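Data block below; observations after.
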Amino acid sequence: GRGAQAGDLAEALALAAPNDVDALLLVARARADAGALDRALEALDAARLRDVDLVITSYGSLLRLPWIAEVPWRLAVLDEAQAIKNPDAKQTRAVKRLKAQARVALTGTPVENRLSDLWSIFDFVNHGLLGTAKEFTRFAKRLADRPHGSYEPLRELVRPYILRRLKTDKTVIADLPDKTEMKAYCP
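Following my numbering, the residues of the sequence shown are numbered contiguously, the last one being 948.
Dropping the structure here:
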């Protein structure tokens, strides 16, 4: 599934990146005991970190363990990147402090409610591409005010940076089961 794809992408980018920094960082939503994760990360000192290929952490750990933002990571991958859609949230600010040669954001919902969701994710992945938050807001308003509200200029700007998987494309995932629908009527 997506985890295997993220691993394949991280491996490919690691091979392409310069060799002066070796550690890769994957940030994901915590699915385990946060305290246990924090204790394991706290046990990583600079010497041990040099021998580690991949560090998996949570958004919450970035807040609780500020040293993570000081490490020069080769690659930072955000899973469920919609978690940084609010640029004013503490966890978003913590993520954006990460030092990384390359950055990747994985999300199934780059825009949940507002175009500013997209801006915040791109501000992490490719800082400056969409301008500042204020500049982007003005740009988006100009697009909305166009006849028929055409957002094509924005699509063209971000398209080179987005890899999109469609569940209907069997060449992308051969083992994806067919969609099953069941209608249930409530009395």
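Even for Gly, the Cβ is constructed at its ideal location relative to N, Cα and C. Just so we're clear, the structure is a prediction, and the values are computed from it rather than from any experiment.
Sixteen is the threshold: when 16 or more other Cβ atoms of the shown chains lie within 10 Å of the Cβ of Ile882, as they do, the residue is buried. For the pair of segments examined, the segment 820 to 834 was found not to touch the segment 870 to 881: the number of CB pairs separated by less than 8 Å stays below three. Around the beta carbon of Arg858, fewer than 16 other beta carbons sit within 10 angstroms, so the residue counts as exposed. Pairwise C-beta distances place the segment 811 to 818 out of contact with the segment 853 to 871, as fewer than three of them are shorter than 8 Å. A distance below 7 Å between beta-carbons, with the five flanking residues on each side excluded, links Ala789 to the following residues of its chain, in chain order: Ile817, Ser819, Asp840 and Glu841. When rounded, the separation of the alpha-carbon atoms in Val838 and Cys947 is 42 Å.
Ala837: member of the beta strand (DSSP E) spanning Pro833 to Leu839, first to last residue.
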